[in-house]
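Only one structure is covered here, and it is reproduced in the block below.
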Amino acid sequence: MVVRIQTRFSGAGARLFTGLRVIILFTYSDVKTILLPISAFACVTGPVSSLHNGILAVLWIWLHLLQCNISNQCNSALEDLLNHPQRPIPSGLITETQSRFLRWALAILCLCLSGLLGLKTFSSSFLMTTTMIFYDDFHLAGHWSTKNLCTFAGYLCFEVGATLIMSRVKELDDVAIRALACSGFIILSTIHAQDFPDVEGDRALNRATIPIVAPNASRPITALVIILWSLYSSSIWGLGIWSSLVLSSVGLIVAWRIYFLRLAVQDRTTYRVYNAWLMMLHLLPANARWDTLKL
0 MVVRIQTRFS GAGARLFTGL RVIILFTYSD VKTILLPISA FACVTGPVSS LHNGILAVLW
60 IWLHLLQCNI SNQCNSALED LLNHPQRPIP SGLITETQSR FLRWALAILC LCLSGLLGLK
120 TFSSSFLMTT TMIFYDDFHL AGHWSTKNLC TFAGYLCFEV GATLIMSRVK ELDDVAIRAL
180 ACSGFIILST IHAQDFPDVE GDRALNRATI PIVAPNASRP ITALVIILWS LYSSSIWGLG
240 IWSSLVLSSV GLIVAWRIYF LRLAVQDRTT YRVYNAWLMM LHLLPANARW DTLKL
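Using numbering that gives the first Met the number 0, the first residue of the sequence shown is number 0, and each one after it goes up by one.
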């Protein structure tokens with residue numbers, strides 16, 4: 000009897016561990032690209048009104064991130080075999096059928112949670128789910144123009160919803176609107192930096208990403224755009240000399256790596272540096288709130 004009980008508990012523990020591992024793996028790669036930058040952005044843009052609201056906003060971001068990633072990975076199993084074999088579906092930890100069920104269950108959960116937090120937060124969740132459907136189920140991820148537009152819309156939905164939860168205000172003020180506009184256009188014009196490491200896998204799937212469509216022009220143009228955004232962001236947020244120098248230096252490093260370092264393994268490192276640069280940009284509204292970057 001004791002052996003049976005221990006076996007039953009050990010089996011339940013193993014299933015729980017596997018379930019947690021699957022959930023973590025679905026979102027792990029986007030902790031640095033979505034969860035941390037958007038949490039930081041909402042915290043300074045809102046700004047955050049309490050610890051409770053801060054935790055709630057991070058949970059809201061993570062649940063929507065989980066929903067989006069499961070949706071994306073359900074529809075990109077072949078790509079993940081080439082580019083991301085460690086993810087839950089290609090590694091065999093969960094089936095596509097199970098993933099699709101979980102995806103729609105999360106969509107309902109996210110909408111219900113957002114509805115409890117207000118109409119505008121619900122609207123952000125609804126628009127994010129709609130964008131996700133167009134991106135994945137209508138295959139808008141296959142072309143660079145629609146892919147970037149969907150990513151732009153998705154980021155804005157994340158940022159608007161998280162900022163509203165962090166601040167618990169009914170209307171976003173001028174600082175928040177300016178921050179959202181800057182963030183959105185930065186994402187729209189530079190997020191294809193994530194496509195440079197995945198060229199081989201995307202080409203095998205006949206995807207028309209910017210590095211594939213414009214292999215010669217994409218790198219110098221992206222590098223130039225990142226430098227220009229660094230300079231413009233320093234100006235529009237009124238940064239001091241040293242803060243501007245730090246931001247511009249990181250932007251210059253990203254631009255240099257994109258242009259000169261072109262191996263897939265180098266592009267993966269470059270994308271991590273790009274995300275550090277993006278995190279810095281997301282923190283700049285703090286200067287409009289508290290004059291923290293006047294140095």
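Ideal Cβ placement from N, Cα and C applies to all residues, glycine included.
For clarity, every value in this text was computed on a predicted model and none was experimentally measured.
- Nearest Cα to residue 205 within the set 226, 87, 143: 143.
- Between residue 56 and residue 70, the C-beta spacing is not below 8 Å.
- Pairing residue 86 with residue 196 gives a Cβ-Cβ distance that is not under 8 Å.
- Boundaries of the alpha helix (DSSP H) around residue 65: 50 to 73.
- With contact defined as three or more Cβ pairs closer than 8 Å, the stretch 24 to 39 and the stretch 62 to 78 are in contact.
- DSSP places residue 82 inside the alpha helix (DSSP H), whose first and last residues are 76 to 82.
- Between the alpha carbons of residue 33 and residue 274 lies a gap of roughly 9 Å.
- Residue 169 is classed as exposed because its beta carbon has fewer than 16 other beta carbons within 10 Å across all chains shown.
- The C-alpha of residue 158 lies about 22 Å from the C-alpha of residue 224.
- The stretch 114 to 124 and the stretch 231 to 245 do not touch, with fewer than 3 CB-CB distances between them shorter than 8 Å.
- For the 8 Å CB-CB criterion, residue 64 and residue 112 do not form a contact.
- In the same chain as residue 47, and ignoring 5 residues on each side of it, the C-beta atoms closer than 6 Å to its own belong to 53, 165, in chain order.
- Collapsing the DSSP output to three states places residue 285 in a helix.
- If you check the CB distance, residue 156 and residue 126 come in under 8 Å.
- Residue environment analysis places residue 218 among the buried positions, since at least 16 neighbouring C-beta atoms fall within 10 angstroms of its C-beta.
- With 16 or more neighbouring CB atoms inside 10 Å of its own CB, residue 160 falls in the buried class.
- Excluding the 5 residues flanking it on each side, residue 74 has same chain C-beta neighbours closer than 6 Å at 135, in chain order.
- Between residue 211 and residue 198, the C-beta spacing is below 8 Å.
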